[in-house]
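In the UniProt record's numbering, the protein residues as written are 1 to 185.
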Amino acid sequence: MPVDDIIETSNHFRAFDYLLDTIGEDLSKKIIKTFHKILKEGTSDSHKAYFNVGGWKKIPNEVGDIKTSLPENVDKDISNLLDDYLAKSAITFNDLIAFHEHFERIHPFQDRNGRVGRLILFRECLKHDIVPFVIDNDKKLFYYRGLREFLTQPGYLIDTCLAAQDVYKEWVKYFYPEIGLLRNT
């Protein structure tokens, strides 16, 4: 296992602590950038100037065949995404999935956009009393397909996330049977 993988795994625990520490705050550019900074601190990428750990990408990138925002547009695109999201009076599961897909399409960082995006998704689920979920290896290819086809077939990504949510509910029931989940989403 590469050393960077070990460092990023350790950093992920710190990022999750930060997720919980900021749960009372509205989602912001600062929170999003801090997730990236925490995840990449101490890795070999953190020593590369172009990588811009904790800052928006400097070099155009892509995810599969999805066109992403150009570096010079990222700040504006993230601002617009956050403005639209924070203007909603109530956040639904589908709102979160749409936000996540749009975030991934912007692809604001040089790398680790997916991890940052899924941390945001988990955080916002908790913040809005929606059962969170984890995309595991069994659902990874369905998740990627859902992202790729979201603009024409949003049901793929929504259904994949709902299936992952069902698994999470089962984990909670198994490890914490006394809790009981009253809501479906």
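We treat Cβ as the ideally placed atom computed from N, Cα and C, and that holds for glycine.
What you are looking at is a predicted structure, and each value in this text was computed from that prediction instead of being measured.
Residues of its chain near residue i, where Cβ-Cβ distance is below 6 Å and the 5 sequence neighbours each way are ignored
i: D4; result: T43 and S44
i: D136; result: none
i: H102; result: L81
i: G54; result: K33, H36 and K37
Sequence-distant residues of the same chain with beta carbon closer than 7 Å to residue i, five excluded per side
i: R123; result: L19 and I23
i: H12; result: L39
i: D15; result: A quick correction: the sequence has Ala, not Asp, at residue 15. So the list reads F35, I38, L39 and L119, once near-sequence residues are dropped.
i: N52; result: K58 and Q110
i: N61; result: T68, H107 and Q110
i: D77; result: S69 and I106
i: F126; result: It is worth fixing the name first, because residue 126 is Leu in this sequence and not Phe. Contacts found: I23 and P132.
i: P71; result: W56, K57, K58, I59 and P60
Beta bridge counterpart(s) of residue i as assigned by DSSP
i: I66; result: V63
Inter-residue spacing [alpha-carbon to alpha-carbon] between residue i and residue j
i: D166; j: I66; result: 28 Å
i: N73; j: E8; result: 28 Å
i: L96; j: F133; result: 12 Å
i: Y144; j: V131; result: 21 Å
i: S46; j: Y168; result: 33 Å
i: A164; j: F142; result: 11 Å
i: R112; j: P177; result: 34 Å
i: D84; j: I91; result: 11 Å
i: R183; j: F150; result: Bear in mind that a pLDDT of 49 at R183, under 50, signals an unreliable position, so the number given afterwards is only what the model happens to contain. Straight-line Cα distance between these residues: approximately 26 Å.
i: G117; j: F99; result: 9 Å
i: K139; j: W56; result: 28 Å
i: E170; j: G114; result: 24 Å
i: A49; j: K29; result: 21 Å
Status (buried if at least 16 other CB within 10 Å, exposed otherwise) for residue i
i: G146; result: buried
i: K33; result: buried
i: E104; result: buried
i: T152; result: exposed
Beta-carbon proximity list for residue i, same chain, < 8 Å, skipping 5 on both sides
i: S89; result: none
i: S10; result: none
i: D26; result: L86
Residue-level contact to chain D via CB, residue i, 8 Å cutoff
i: D138; result: Here there is only one protein chain, and chain D is not present.
Open item on the list: Give the list of continuous alpha helix (DSSP H) stretches no shorter than 4 residues that lie fully inside the UniProt domain "Fido" (27-177).
Closed with: For the UniProt domain "Fido" (27-177), the continuous alpha helix (DSSP H) assignments of 4+ residues that do not extend past its boundaries occur at 29-40, 74-86, 93-106, 113-127, 140-149 and 154-175, in sequence order.
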